[in-house]
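Heads up, the thing below is written out as structure tokens.
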Amino acid sequence: MKPSPPARRLLLALLLAGASATLVGAAGPVTEPLRSTVIARGLEHPWAIAFLPDFETSGRMLVTERAGRMRLVSREGTLSEPLHGVPPVFARGQGGLFDVVLHPRFADNSLVYWSYAEPAANGQNGNSTAVARGRLDLQALTLTDVRVIFRQSPKFDSTAHFGSRLVFARDGSLFVTLGDRYYRRDDAHTLDTHHGKIVHITDEGAPAPGNPFIGKNGALPEIWSYGHRNIQGAALHPATGELWTHEHGPQGGDELNVPRAGADHGWPVITFGREYMTGAVIGEGTAREGVVAPLTYWVPSIAPSGMAFVDPSKRYPAWRGQLLVGALRARQVVRLELDGKRVVREHRHEVGERVRDVRLAPDGYLYLLTDEANGRVLRVEP
């Protein structure tokens, strides 16, 4: 039986729009309220949070601001003066100071790692994502012994698609997510640049042992996976220790992935996104043999940024094992129910502001950063 004209029009609209892979039945994602408490305000486009080891007693955390500042935030919401020692930052467009994480042995070595858009030296043009580390002196509010341990290559004159999240693996190695720099998207499929890649390095910045392209002619040994567009969310699965990421698609096609060593994740040949302005198809389609398919995707885009697994938190028993994704464009937190690596249901929690980061704190609470001129730190209430 042929569908009725209205049904055909609805089907065509869904096909043209590229209905989300996470739609639940005919009703789509479930939209629910979100209770939160404001912990701090007055941050200029904050990007990332890192909780200090004494967080459960002191409430202290590091927060980065895209303009190039890193601050200490207290339990009472007091903002410190900017920490000294952060190197010069290219803070234009999407560029700026990005992620911040503590070394797994921070209690012994005081090492802090951060990613940022680094301008070219000596007056040259171009910029790229870099990763630096330094020792945190809390009394002096200073980062000392600062050293850049990784630079995305090559530098390129662009204000877009820098990535960049940092995730320490269980063995102490470091994953760094990198964007394709927008105008160099074809580089995402070449192995002689870091554009559109995830790189895997030691805590000193050397290629991590066992990387898939070590010794391969013409390939950079730091590369872990390729075919990425602009990854701004990454977290380790609490049970398996696997790296999970999400990335921005163009006008649709945001993806949730479990990156595989040496794997092609498609961009810009395989994507659910469309060209800006024209809506034209990009690449060859949405699937191809040899390309790792995303676990789910979003059309239209939610513009994902920040990501955290709820497990093993005891604060939200109904959410245990689920994944929370911040959404810039949608101004929401997206909560995904999982069955292994399958998304079985999606919930949308309205925040009303661009959500840049989502983190699970040592006290078991989830914290959010809002990407606004008067950005806030929010604690999600059960």
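Numbering (this note's numbering), first residue to last: -10 to 371. By construction, the Cβ of each residue, glycine as well, lies at the ideal position given by its N, Cα and C atoms. Predicted model only: the values in this text are computed from it and were never measured.
Between the beta-carbon of Val62 and that of Val366 there is about 6 Å, and that keeps the pair under the 8 Å contact cut. The beta-bridge partner set that DSSP reports for Ile190 consists of Leu163 and Pro196. In this structure, the CA atom of Ala109 is about 43 Å from the CA atom of Leu327. Taking one beta carbon from each stretch, the segment 287 to 304 and the segment 345 to 353 have 3 or more pairs nearer than 8 Å; the two touch. Relative to the Cα of Ala292, the nearest Cα in the group Thr275, Ala316 and Arg368 belongs to Ala316. Here Gln128 is exposed, its C-beta having fewer than 16 other C-beta atoms within 10 Å. Taking each of Ala80, Trp308 and Gly199 in turn and checking the Cα distance to His150, the smallest one comes out for Ala80. The closest CA to that of Gln113, considering only Phe157, Pro143, Asp175 and Gly251, is found on Pro143. With a threshold of 16 other beta carbon atoms within 10 Å, Gly262 meets it and is buried. If you draw a straight line from the Cα of Glu70 to the Cα of Met50, it is about 13 Å long. With a beta-carbon spacing of about 5 Å, Leu68 and Arg60 fall inside the 8 Å limit used to define contacts. Per DSSP, the beta-bridge partners of Glu335 are Leu325.
Sixteen is the threshold: when 16 or more other Cβ atoms of the shown chains lie within 10 Å of the Cβ of Gly255, as they do, the residue is buried. When secondary structure is reduced to three states using DSSP, Ala292 falls in the coil class, being assigned neither helix nor strand. Beta-bridge pairing by DSSP links Glu244 to Glu236 and Tyr286. Around the beta-carbon of Glu335, 16 or more other beta-carbon atoms lie within 10 Å, marking it buried. Setting aside the 5 residues that flank it on each side, Tyr305 is surrounded in the same chain by Val299 and Pro371, each with a C-beta closer than 6 Å to its C-beta; the list follows chain order. Take the alpha-carbon of Arg170 and the one of Asn219: they are about 8 Å apart. Excluding sequence positions up to five before and after Arg58, its CB lies within less than 6 Å of the CB of Pro71, all in the same chain and listed in chain order.
Under the DSSP definition of a beta bridge, Trp103 partners with Val89 and Ala121. Residue pairing by DSSP puts Tyr356 in a beta bridge opposite Arg348 and Arg368. The segment 168 to 186 makes contact with the segment 202 to 210: 3 or more CB pairs, one atom from each, lie closer than 8 Å. Counting along the chain, the unbroken alpha helix (DSSP H) around Glu45 starts and ends at Phe44 to Ser47. In this structure, DSSP gives Pro71 a state outside helix and strand, which the three-state scheme calls coil. Counted as a single uninterrupted DSSP element, the stretch harbouring Phe95 is not any beta strand (DSSP E) but the alpha helix (DSSP H) occupying residues Phe95 to Asn98.
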